[in-house]
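Residue numbers (the numbering used here), protein chains in the order written: chain A, 1 to 626; chain B, 1001 to 1347; chain C, 2001 to 2392; chain D, 3001 to 3293. Glycine included, each C-beta is placed from N, C-alpha and C at the ideal position.
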Amino acid sequence: MRRFWKGILAGLLFVFLVAGVASTGFAGQGKLYEMAIFADPTTINLYSSLGPSSTVWNTFVSNSQYYTSLYGNAAPTWAFVPSAAADMPSPLKEEKIGDKTYYTSIVKMRKDIKWSDNTPLTADDVVFSYNAVLEMDPNKLGGNWPSIVDPTVLERVEKVDDYTVKFILKDKPGLSQWQYGVLQNYIVNKKYWEPIFEKAKKAADPVKELFAHEPEKQPTAGPWKFGHWEKGAFWQNVPNPVYSGKGEVTTFYENGVVTVENPKTGFKWQSGKPEGKVQLKITDGPDATGTLYRIFQNQSAAVLSLTGGQVDFVLNSLGLQRGFQEQLKKAPNVALIENNVNGFRFMAFNLRKYPFNIKEFRQAVATLIDREYICEKVLQGIAFPQYSVVPPGNAYWYNKDVPQWGKGLTRSQKIAEAVKLLKKAGFKWEVEPQVDLEKDKVLKRGKGLIMPDGKKMPEFEFMIMTAGYDPLRYTFGLNIASWLKEVGIPIEAVPTEFNVVSSKVFDEQDFDAFMMGWSLSLYPDHMKFFFHSEQAEPGGFNAVGYSNPDFDKLADDFVKEADMEKARQKAFKLQEILADELPYVVLFDTPIIEAYRSDRAQYPYTKVLSGLQYVGALTSTVKMLD
Amino acid sequence: MDPLLKLDDFTMHYRTKAGWVQAVDGVTLSLARGQALGLVGESGCGKTSIAMSVMKLLPYNSKVVRGRILFEGRDIYSMTDGEVRKMRWKGVAMIFQAAMNSLNPVYRVGNQIVEAIVTHEPETSEEEAWARVRSLFELVGIPKERMYHYPHEYSGGMKQRAVIAMALACNPKMIIADEPTTALDVIVQDKILREMDQIRRKINMSMIYISHDVSVIAEVSDVVAVMYAGKLVELGQADDVFKRPRHPYTYALMRAYPSILGEKHELATIPGEPPNLLDPPSGCRFHPRCDRASAECSKADPMWREICPGHYCTCHNPVEIGGTWVGQVRSGKAADGGDQLGTSSNS
Amino acid sequence: MRRYVLSRLGQVILTLLIYITLVYFLLQAMPGDITQMYLANPKVPQAAREELRKQLGLDQGVVMQYLTYVKNFFRGELGVSFSHYPRPVWDILMERLPRTFVLFLTAHVLSFYVGYVMGRVIAWRRGRVVDYAATVVGITFWTAFYPLLALVLIWIFAYTLRLLPLNQFIEPKLWQGAPFSANTVFGYMVYGGGAVAIGLFLIFYAFLRGLKRTRRNVALAWLSGSVLVAVALLAASRAGLLVYIWDIVNHMVLPVCTLTLISFAGTMLLMRDSMLETVQEDYVMAAHAKGLPDTIVRDRYAARTAILPTVTSLVLSLASSMSGGLVTETMFSWPGLGQVLFHSALANDYPLATGALAFTGVFLLIAHFVADILYAVLDPRIAYTGQPAAEG
Amino acid sequence: MRGLSQNWAVFRESRIGMLGLIVILLFGVFGALWPIMINTVWDPLIYHPVVGFDPMLLHPSPPTKAHLLGTDPIGRDILAQLMFSTGREFLLGVLSALITVVIGTVIGTVAAYYGGFTDTFFMRVADIMMLFPFIPLLVVVGSMVRLTFFPFAIILGVLGGFGGITIILKAQALSVKVRPYIDAARVAGGSSFHIIRAHIIPNVLPLSFLYMMFNVTGAILSEATLSFFGVLNIDMSWGMMIHTAEAAGYLFDFGKYWWLWLPSGLAITLFCAAFYMVGRGLDEVVNPRLRKR
């Protein structure tokens, strides 16, 4: 017995010894910028990280940190600006090469950009970056490649001189394919990658061979290059010693004009004539002496590390939960940021089925759902109601004038309105719902809804998230079902696993109604993908089976439109149609909440769509305080 | 000269859910050096409890209610744990009931004996201890290479011998042998008993034999004590008790066993069951089963009295038949113990 | 003996085959496949999806895929992970194995030791306060809700008291310039630790084999033991490993203690029950009668034979340590095999999930086998009769 | 076999077992309060454990008079959830343990009685079942299909039933099988079914019952762990309560939002410990070697 206690004592002693010696604080010191991520990145290789095993973590730690592209979107306004290019591309021109007609465009490049091995970034690198992927076949590379180096548009890229390239296009591209697609492809170092492509091409499975390469030593042109990756523990990037963007100033003016000026190399560019006040001025760095991504397996630990000062920012595409927000409010030296996101949660019916294909039915449903009540009361402001398929956060494309069904109505008014809509379409009841509008009370619940064809409407399934997957959406789903039941719509909410929902909806198209969410890209071409009738077959994205020839035509025009302003008008019109026809009943979305160490990091801006995580937490423009 | 072991009105009870079990009640006896005492009685009469009391190995639910046990004049129930440990094996060793199970199955037999020796005689080196084991094995008649074997490799008789060797390891002043041979067949049993007796005499050691088998006791004891239901009912020289049992229980017990060499007699059984010690019968505890019981027997506890010199008995109506020879009694007198059968009658 | 081993080996392989088949088809029967990941991105054309299916071999029939899998499995190839394409599954498992192994081995051995010692004590003091207290406390931890307990302990020791590191298995700042990978260090820990353990065992066995532990022998044993440890530490420090080993040990303390806390009661209660039987054995009584000190009777007589059933449970728990503990790994950010299993399942990465399960199965099977043999070694009463032991 | 009252007497001697039994009874009373409360005192709109919501407060609200244990992040009453879940936990635990034990007993006795191929077959099956890492496997299956309440209980029960318990119960059945009265019954012409049912099973049952207690503990803990990882499709349980708090980020500062995790965490531990303790108590009844001499 005594020996046992001795053992315990020795154990405790050991614990304290270990604790005393080793935890002499590795807490935030120096100018190392530390972030928490929640999963191991899968690769260092750009090709595989944009390929099928693409994860958001790869994007955080490597892609945007290492590579530059000809053009980019300047956060926080997302203005289209040149990055390795010296100016905007020349307007598309029809040109006959051989016996085929192509569209061509000339891009002049900056001459002051250098690789981290101190060699200049030239037209050869650009040409290689495009043509190597085309040769590999973007479809075989998979993942994002077919949408970046789009083989349906791009024929090839040619070198004109050392700093000029010529794009040869098969077809006239729309905004999404040109400005938001081809022109934003990452540029890789030809000298490094060419032999690797050559070797891959000779292998039995070229794609596998290419993906398997780990380019730890590749030169980069971005602010960072690869440092060290201890799988499961951390990823470290070190500064590119010859980063040409260092000291470059990007200025945003009130009239939307963006100017870029590099005092060191003398490079200058402006999108127009600057007018009005300077809204934001960002000086590129990097200021940090390195970036370190600590890999955690659970969120609580990451947040504890944030308050404990071991990390400066928590990188998570979903942001922080509300609980953390409330608890972090009072934490010293921790600042919170809240931003809109680019996405929405929605409810949808199978429009191939009767009576879901009746427009008024869907309008009645949309009217009955009280988004404001849920968002403000139940979810207490952690969600905001949404009515259009383009979220308000994407301000340039958002149409604020779309119909908003049932907004501002009381419970009884909503019911009365829904009854009116249903009656208009020819619905009847065995027991018609009755309300007292004065007292805002339901006098009689509806029962036995009879469809316009005279048959009693059968009960149908409404697939919602499981409580384990997301308690919020689960609760919302249950609430929707109970509101619809009040007017006698025989809906049954069935909590269903995400895999099952997606395979029933997208592969089998065998469903009645479901609830889901999308997160979107800046350019709202999702309207075409989700609702164009060509996407309606199994496996396509128009799983609800919406079919409207007028809409199809407009959507086609929209994605082909190369002019920003005209595209915007078309997008507005599309939103209007969708808000009236309601193939999706858009419900709500949640803002993204983030937190950072205010005593360590200072950001040029914190207001940006989808939060600082969307800009990789600004590794090159953050100022590190000691 | 002081007796080696003395029980003085020793009374010990077990606590159970149902109440107190009066396992040993007012036992008074003493044992001289070199003397062999046979303790006989039916199963559950308290024989083993006495043995355990002497070893101070009683379970946690036991309680010494009255009386003392003196070993070499010292009360073992007021000794410290250390003193008790020293007394064990060096003073009193024990051969357990079902001796075969008293060897640890996962240690070599030799080790277990060496362990006992070095524990009690720290000045002995291990080599010396092993040498002693070798001679002990010779003494009890086991081939000495068997020292290095595990118990499960031994036969029953061999285990028994090993246990005896183990008991002898520290030259104890006395050994308690609790049913030492019950598990063996009759021939081996006899052989081992004789050998033990020889060894005992050779080194002039005291011994308590405990058995329900009268013939075993008869073979090796100088003095015989008969127990019934936790009480001592008869005590005397082996000759005396076996030839002239005075207590009806002793008498019945003798008749229940065949004598091997003696005259033929009809085997008799004792009617009834041993009493429940939770609530023993009033008066004489044997009276419900006694064919000589009188009215008095159920009322008054009979006194412990000396019926003839050196022969004690508790009975209101002792048996008066003389010369009944039931068992085989070892011829010859005890070495130096016969008259020193110290008893008192203060029960 | 040889026939026994061979027939047993045949059984092992057959069992393994059935197990793999079960695992394979169980996972196949789950809804969804990896190409569904593309659902989240409408810009991925159908053609790219088909290409991927072809690349991953999903376009073949299930039976064909299964046969290929089994064939490769017995060749030691577990295929290529979908979600880490094109990393081989084996590669990923090997990356995770050392971490998992070191953490869980330590935790299981410690928890076994604590359980064994406590069980010994409470069986010996049956019915006393310490028995009830240890049983109630042990059961409470045994049935405690592990994730929550882990969070609470992290919160107390790592966050509030700042005694131990918060999460993760190494400190990135220390390791950012490390000349070796963590797995190298884990490897040294396994081999070096194993070698030192064997060395210590041999030393103590050589000096303290007998029953009489003379002062001189004890001193010599401790001295040479310390020298061995010192040499090992010196070697590690010369190789520049020590600081890294120390860092890992430092990060191990909290998860190991937590694991021990929740699992020691299992061994403890098993040991107690087992020992309550042996303390009633005659040889324990005999040992008392021999006048042996209490602790020797307890440890060498009562506990020594009672340990047998617990050893089986130790071996099996060691084997299950290969599969890691999802909860531990998640709560302490210790990415091991349990995490691999979980994430591969979430990502519909069947080759990886199947591989991880199969891998665990192999270890468990081997452990069953080892447990049988160990049992025979520990208990001299059991000898191989050339017949499989009776079932049960 | 001893009678029930004798067994009870032995069980009562076990303080650990009695402690467990008392705790279980308290939980029983607590769970039984749920239907009473929701039908009388509590307004289902506010106190419903799944869709209830109290519009009068900010959530999560610390304990108030109206909500004795506070509310969760989406405004549901913690006490109501706790009470509602108690019944469900009983159902889950007992149902899955019952399935395990019934399967284990039947297979164990049949394998012991018939021996030969039947025996070998089921023992190999048990071996294979024991190869599966239990919790990880359930997590894998759960993350792919999100099990609902009853399928989950049944899967737990079946997985357990074919596993180790079969081997233990078979060993017990074997020891019964060799007793003389079985031969006697066979000689007397009893059918196999009769012998198994009337002679073997009753002797195996106490051990089965004992393992049932341990299995209840196992089932509840599995459910809680899987719920914690969010891979179950169960609307409310103690594990789900903790998951809700965790998913919303409230398991961070332990002191501040204690009502979100302490009641449910404590309930899981106490409930499981209680069943385990009853199992320990029963062990002393079933296993005479453990009884005090």
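Close to H2084(C), with beta-carbon spacing below 8 Å, are these residues of chain A in chain order: T42, T43, S53. Every beta strand (DSSP E) of 3 residues or more that sits fully in the segment 1287-1315 of chain B is shown, in chain order, as 1305-1308, 1311-1313. Here T2015(C) has L2365 as same chain residues with Cβ atoms under 7 Å from its own Cβ, once five neighbours each way along the sequence are excluded.
Shortest Cα-Cα distance from R1194(B) to any of G1236(B), L1139(B), P1143(B) involves L1139(B). When the alpha-carbon of A2287(C) is set against those of T1048(B), A1116(B), K1017(B), K1086(B), the nearest one is in A1116(B). Residues of the segment 223-235 of chain A that bring their beta carbon within less than 8 Å of a beta carbon in chain C comprise G227, H228, E230, K231, G232, A233, F234, in sequence order. With 16 or more other CB atoms across the displayed protein chains lying within 10 angstroms of its CB, T3086(D) is buried. For Y3211(D), the nearest beta carbon of chain C is not closer than 7 Å to its own beta carbon. Secondary structure of A3219(D) (DSSP, three-state): helix. The beta carbon of S3014(D) sits closer than 6 Å to those of G3281, E3284, all from its chain and outside the five residues before and after it, given in chain order. Contact annotation, P490(A) with M457(A): C-beta distance approximately 6 Å; criterion of less than 8 Å satisfied.
Boundaries of the alpha helix (DSSP H) around D580(A): 564-581. Of all residues in the segment 1134-1155 of chain B, the ones placed with a Cβ closer than 9 Å to any Cβ belonging to chain C are Y1150, P1151, H1152, E1153, in chain order. Annotated three-state conformation of M1196(B) is helix, per DSSP. Counting every other CB atom within 10 Å of its CB across the protein chains shown gives S2317(C) a total of 16 or more, marking it as buried. Residue-level contact by beta carbon holds for V378(A) and chain D, with a gap shorter than 7 Å. A contact between stretches requires three or more CB pairs, one per stretch, nearer than 8 Å, and the segment 517-532 of chain A fails this requirement with the segment 482-497 of chain A.
Residue-level contact check: F296(A) does not touch chain D, since none of the beta carbons of chain D fall below 7 Å from its beta carbon. Contacts with chain A at 7 Å (Cβ-Cβ) do not include S2226(C). Taking one beta carbon from each stretch, the segment 287-305 of chain A and the segment 2170-2184 of chain C have 3 or more pairs nearer than 8 Å; the two touch.
Put simply, the CB of S1102(B) is near chain C, with a gap under 7 Å to one of its CB atoms.
A distance below 6 Å between beta-carbons, with the five flanking residues on each side excluded, links P1180(B) to the following residues of its chain, in chain order: I1095.
Within 8 Å of the CB of R1285(B), no CB atom of chain C is found; the nearest one sits about 28 Å away. In the three-state reduction of the DSSP assignment, S1206(B) falls in the strand class. Interface residue (Cβ-Cβ distance to chain A less than 7 Å): F3053(D) is classified as such. In the displayed model, V149(A) falls within coil according to three-state DSSP, outside both helix and strand. The count of Cβ pairs closer than 8 Å, one atom from the segment 433-443 of chain A and one from the segment 497-508 of chain A, stays below three, leaving the stretches out of contact. Between L134(A) and V56(A), the alpha-carbon positions lie close to 24 Å from each other. Proximity of D3077(D) to chain A, defined by a Cβ-Cβ separation below 7 Å, is not satisfied. In chain order, G3279 place their CB closer than 6 Å to the CB of F3214(D), counting only its own chain and leaving out the 5 sequence neighbours on each side.
Chain order gives no chain D residues near T289(A), where near means a beta carbon separation below 8 Å; the closest approach is about 30 Å.
Close partners of K1086(B) in chain C (Cβ separation under 8 Å): G2291. For V3145(D), the residues of chain A that pass the 9 Å Cβ criterion are E497, N499, V500, in the order they occur in the chain. In this structure, P391(A) lies near N342(A), with their beta-carbon atoms less than 7 Å apart. Here G406(A) is not near K400(A), since their CB atoms are 7 Å or more apart. Our two residues, Q236(A) and Q2176(C), have alpha carbons roughly 7 Å apart in a direct line.
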